[in-house]
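Enquirer:
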Amino acid sequence: TGAAGRLLHYTVDWRQEEQRVLSGKGMLRGSACVQTVFFREGQLRQQEYQIPFSQVVECEGLEPGDTVTADYQLLQSQVTLLEGEAPALSCSLTGCVTACVTRRTRLPVLRDVYSTRFQTVCQCEQIACPAWKTFDCSIPTEDTCQPQEAAVSVMDCRVRARGFVDDRGCMGGIYSFRVLYCCAAGRLHCAEHTMKVVSQEPVDAKQLAVRAGWQNVSAQADNGAIRIRFTAVLKGRGLVEQPCVQVSRCNLDAEKHRVVPPAGTLVLRTVEEQETVWSIAKQYGSRTRQILAANNLEASSRLVPGQLMMIPFSG
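Note that this note's numbering has the sequence shown beginning at 3, numbered continuously upward.
#1: Below 8 Å CB to CB, which residues in the same chain sit around GLU274 once its five sequence neighbours on both sides are set aside?
#2: Below 6 Å CB to CB, which residues in the same chain sit around THR71 once its five sequence neighbours on both sides are set aside?
#3: Would a C-beta distance cut-off of 7 Å place VAL269 and ILE313 closer than the cut-off?
#4: Please confirm whether CYS98 and LEU77 have their CB atoms less than 7 Å apart.
#5: Leaving out five residues on either side along the sequence, give the residues of the same chain with a beta carbon under 7 Å from the beta carbon of PRO142.
#6: Could you give the DSSP three-state label for GLU239: helix, strand or coil?
#7: Can you tell which of GLY287, GLU20 and GLY174 has its C-alpha closest to the C-alpha of ARG213?
#8: Does the separation of the CB atoms of ASP255 and GLN121 fall below 7 Å?
#9: Only counting runs of 4 or more residues, tell me where the alpha helix (DSSP H) segments fall wholly within the region 259-310, in order along the chain.
#10: Around the C-beta of VAL156, are 16 or more other C-beta atoms found within 10 angstroms, so that it is buried, or is it exposed?
#11: Buried or exposed for GLY63, please, with buried defined as at least 16 other CB atoms from any protein chain shown within 10 angstroms of its CB.
#12: Express the C-alpha separation of ASP68 and THR104 in angstroms, rounding to a whole number.
#13: What three-state label does DSSP hand GLY97 in the structure shown?
#14: From the DSSP output, in three-state form, read off ARG364 for me.
#15: Tell me which same chain residues have a C-beta within less than 8 Å of the C-beta of ALA130, skipping the five on either side of it?
#16: By the three-class DSSP mapping on this structure, what secondary structure does THR3 have?
#17: Going by beta carbon distance, what residues of the same chain come within less than 7 Å of ARG17, once the five residues before and after it are set aside?
#18: Nearest-angstrom Cα distance between GLN202 and CYS172?
#19: Could you name the residues of the same chain whose beta carbon sits closer than 7 Å to that of ASP158, not counting the 5 residues immediately before and after it, in chain order?
#20: What are the residues that DSSP puts in a beta bridge with SER92?
#21: Could you pull out every unbroken beta strand (DSSP E) segment of at least 3 residues lying fully inside the region 112-171, listed in chain order?
#22: In angstroms with no decimal places, state the Cα-to-Cα distance between LYS27 and GLY240.
#23: Can you tell me whether DSSP reads VAL14 as helix, strand or coil?
#24: Tell me the DSSP secondary structure of GLN48 in three-state form.
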């Protein structure tokens, strides 16, 4: 193997350190972490290298105050060992980045008029609001790799993956395996195997970005072949239209008095769909803090349809 040893396999992991928005551009800075496994002086050794990088991402309409998050995925990589008086590694990496920009905006909305004495009539309309949504998918996968020499035992297995979206809108991932195995003669070899995993159901979302991960990876020798089992974990993030209700008009009828319970009444009822503590307090002329205290709830608590609640009325 020579004095420098023999490079067996490696993995690459992108690490982000800083994201900024300057002059309408996203400034990204981080490092590519290359983890190597090599054989030297009769022993297996591991070593990690940091390759710093910086990048400028131009996004249309980017403004100061926006928040930029970046998701890096490895497309191609080539790491070779350069022998000589000072052995070194030659790294050539190609990746892609998906930048997501988050901006806080103020939208004008109409609030309904409420009165504890008179009846109010509100007219609502359905509108579609764009919102980011996450999609998760886990796919158990199994495949067989045929190495150049028959495998007797597997020493180690490393994985790298990148996500993609196919023509049907389904999430998928391309998984590359580097398996370190031992043949019948006792020599160590490295086998490479690539698998493509695609979900069955398409995702109805715009600007869908997919990141591929994995769980429970195992590689075993099986009659000279290498059987690989793992669970592909696909995580997507896309823009969907979320239905919302907006109050378009609200009238108060001063001639129709509202029937309210007397002070000190305690109402016991279940929560209906899309109800909040504030809407229930409006309906019974109560206060939100009284309802929260009566039911041992926090201000950030979400109500579940069918949940039993006590509504105190103080008049």
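Cβ atoms here follow ideal geometry from the backbone N, Cα and C, with glycine treated the same way.
Since the model is a prediction, treat every value here as computed from it, not as a measurement.
Expert: Answer, in terms of the structure:
#1: Locating residue 274 in the sequence shown gives position 272, counting from the first residue. Closer than 8 Å at the Cβ level, and outside the excluded window around GLU274, lie PRO307.
#2: The residue you call residue 71 lines up with position 69 of the sequence shown. These residues qualify, in order along the chain: CYS102.
#3: Along the sequence shown, one-based indexing puts residue 269 at 267. Along the sequence shown, one-based indexing puts residue 313 at 311. For VAL269 and ILE313, yes; Cβs fall inside 7 Å.
#4: For this step, residue 98 is matched to residue 96 along the sequence shown. For this step, residue 77 is matched to residue 75 along the sequence shown. Taking 7 Å as the Cβ cut-off, CYS98 and LEU77 qualify as a contacting pair.
#5: Against the sequence shown, residue 142 aligns to sequence position 140. If the five residues before and after PRO142 are omitted, its C-beta is found closer than 7 Å to the C-beta atoms of THR233, all from its own chain and listed in chain order.
#6: Working through the sequence shown from its first residue, we reach residue 239 at position 237. Checking the displayed sequence, the identity of residue 239 turns out to be Arg instead of Glu. Three-state result, ARG239: strand.
#7: Looking up residue 213 in the sequence shown gives position 211. Ranking the options by Cα distance to ARG213, first place goes to GLY174.
#8: Numbered from 1 along the sequence shown, position 253 holds the residue referred to as residue 255. Numbered from 1 along the sequence shown, position 119 holds the residue referred to as residue 121. The Cβ-Cβ distance between ASP255 and GLN121 falls below 7 Å.
#9: Annotation: the region 259-310 contains the following complete segments of the alpha helix (DSSP H) (minimum length 4 residues), in chain order: 279-286 and 290-296.
#10: The sequence position of residue 156 within the sequence shown is 154, counting from 1. With 16 or more Cβ atoms within 10 Å of its Cβ, VAL156 is classed as buried.
#11: Translated into the one-based positions of the sequence shown, residue 63 becomes position 61. Around the beta carbon of GLY63, fewer than 16 other beta carbons lie within 10 angstroms, which makes this residue exposed.
#12: As a first step, residue 104 must be located in the sequence shown, where it is residue number 102. As a first step, residue 68 must be located in the sequence shown, where it is residue number 66. Computed Cα separation, rounded: 6 Å.
#13: Looking up residue 97 in the sequence shown gives position 95. Here GLY97 sits in strand by DSSP.
#14: The structure shown does not extend to residue 364, since the chain is modelled only from 3 to 317, so the question has no answer here.
#15: As a first step, residue 130 must be located in the sequence shown, where it is residue number 128. Contacts found: GLU243, GLN244, PRO245 and CYS246.
#16: Here residue 3 corresponds to residue number 1 of the sequence shown, with the count starting at 1. With a pLDDT of only 39 at THR3, under 50, the local geometry of the prediction cannot be trusted, and the value read off the model is given with reservation. Reduced to three states, the DSSP call for THR3 is coil.
#17: As a first step, residue 17 must be located in the sequence shown, where it is residue number 15. The answer, listed in chain order, is GLY32, SER33 and CYS35.
#18: Sequence index remark: in the sequence shown, residue 202 carries index 200 (1-based). Sequence index remark: in the sequence shown, residue 172 carries index 170 (1-based). A direct Cα-Cα distance of roughly 7 Å separates GLN202 from CYS172.
#19: To locate residue 158, count along the sequence shown from 1; it is residue 156. Only VAL39 and LEU182 meet the Cβ criterion.
#20: Taking the sequence shown and counting its residues from 1, one reaches residue 92 at position 90. Its beta-bridge partners are THR82.
#21: Correct list: 120-147 and 153-167.
#22: In the sequence shown, residue 27 corresponds to position 25, counting from 1. In the sequence shown, residue 240 corresponds to position 238, counting from 1. Rounded to whole angstroms, the separation of the alpha carbons of GLY240 and LYS27 is 22 Å.
#23: Counting from 1 along the sequence shown, the entry for residue 14 is found at position 12. Here VAL14 sits in strand by DSSP.
#24: Against the sequence shown, residue 48 aligns to sequence position 46. The answer is strand: DSSP assigns GLN48 an E or B state.
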